[in-house]
Structures are given as structure tokens and as C-alpha cells.
Amino acid sequence: MQLKNLATGVALPLPDDLLWTDEHAWSPAVASVSYLLTGALLVQSATRQAGRPITLVGPSDMAWVTRAAVNQLHGWAAAPLTASSGRFELTLRDARVFTVAFRHQEAAIEAEPVLGFPAQADTDFYRITLRLMQI
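Taking the working numbering, I'd label the letters of the sequence shown as residues 13 to 147.
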């Protein structure tokens, strides 16, 4: 699995055992239901064009990344989504590829030291949660 910055071409390898926890919790169909003044039901339905959440979670005993990788992810997540930045290519272990951006409306990255105390070296390990969305 890897996340590639489309603005710079830099790719960051990610552990293959990160789990996509909300893969089946989203539907492209969306509807708005309301009642008119006459009491008639009004249903407006459409297909979402983008915005599918991709939340990658590392279980507590695997899918660790280094502090250096966490720092790189934080740097990437700090860039707002524009026409030329904030866009990434996520390649999953099954070879599916998605164009994604960090979900800035919530914590885009959570990282917790594996050993339970703050890491000091770039080689120390963290458990991560990445919150992305398909664009």
C-alpha cells in the first residue's frame, strides 16, 4: 500500500495491514425527503460524484509506521486541497487505486506511539489512523 503526493510525485509506503474500516459504510446514492404544503411527499435523489470516506486504521499489534512517516503525513495533511496541491494517489494492497485528499473537517491523522510514551527518534513506531476521502 502506498500514498503518492500528486503535486511532487513522492510516494510514501504504508503498511499493507492497515484496515479500511468504512469501506462498506457509504453509498453513492443520496436522497432528500420532505413534505410539501399539500402533504405530498417530495423525494429528490441523485448520485454523489465524490466524497467517499476512506479511513485506514492500524490494529494495535500491527500496521506500525515510523515517526518519520508520521511527520511526512502531517506535512502533507497541512496543505489545503486546491487545484494543484492536497491531492494524493492511494494504492491499496489489492491494486485498487483512488485519488484522495485528507478529510480536514475532522482529524485527518491520528498517531499514537506504540510504546506508550512520546517517541524521540525518527525510527520509533506509531499506530496510525488516516482519514481520507475520494475526490
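Each residue gets a CB set at the ideal place from its N, CA and C atoms; glycine is no exception. Since we're looking at a predicted model, the values are computed, not measured.
Ordered along the chain, which non-local residues of its own chain (more than five positions away) have a Cβ less than 6 Å from that of residue i?
i, result
"Val82", "Ala123 and Tyr138"
"Leu93", "Ala113"
"Asp34", "Pro65 and Thr67"
Output the boundary residues of the beta strand (DSSP E) element that contains residue i.
i, result
"Leu144", "Phe137 to Gln146"
"Trp76", "Trp76 to Thr78"
"Val69", "Pro65 to Val69"
"Thr111", "Val109 to Phe114"
"Leu15", "Gln14 to Asn17"
Considering only C-alpha positions, which residue in the set the options is nearest to residue i?
i, options, result
"Thr59", "Arg143, Leu49, Ala41 and Val112", "Ala41"
"Ala1", "Ala80, Ser97, Val22 and Trp38", "Not covered by the structure: residue 1. The range shown for the chain is 13 to 147."
"Leu18", "Val69, Met74, Asp28 and Thr103", "Thr103"
"His116", "Arg99, Leu31, His36 and Val126", "Arg99"
"Pro125", "Ser72, Thr20, Gln14 and Trp32", "Ser72"
"Ala62", "Met74, Ser39 and Ala52", "Ser39"
"Thr20", "Thr50, His36 and Gln84", "Gln84"
Can you list, in chain order, the residues of its chain with a C-beta nearer than 8 Å to that of residue i? Leave out the 5 residues immediately preceding and following it.
i, result
"Val55", "Ala43, Ser44 and Val45"
"Thr78", "Asp134, Thr135, Asp136, Phe137 and Tyr138"
"Phe129", "none"
"Met74", "Pro27 and Asp29"
Please state if the CB of residue j and the CB of residue i are separated by a distance shorter than 8 Å.
i, j, result
"Ile140", "Ile121", "yes"
"Thr111", "Glu101", "yes"
"Pro27", "Trp76", "yes"
"Val69", "Leu127", "no"
"Ala91", "Ser97", "yes"
Any idea what DSSP makes of residue i, helix, strand or coil?
i, result
"Val126", "coil"
"Gln84", "helix"
"Ala90", "coil"
"Glu101", "strand"
"Val42", "strand"
"Pro27", "coil"
"Thr58", "One point to set straight first is that residue 58 is Ala, not Thr, in the sequence displayed. If DSSP states are grouped into helix, strand and coil, Ala58 belongs with the strands."
"Leu48", "coil"
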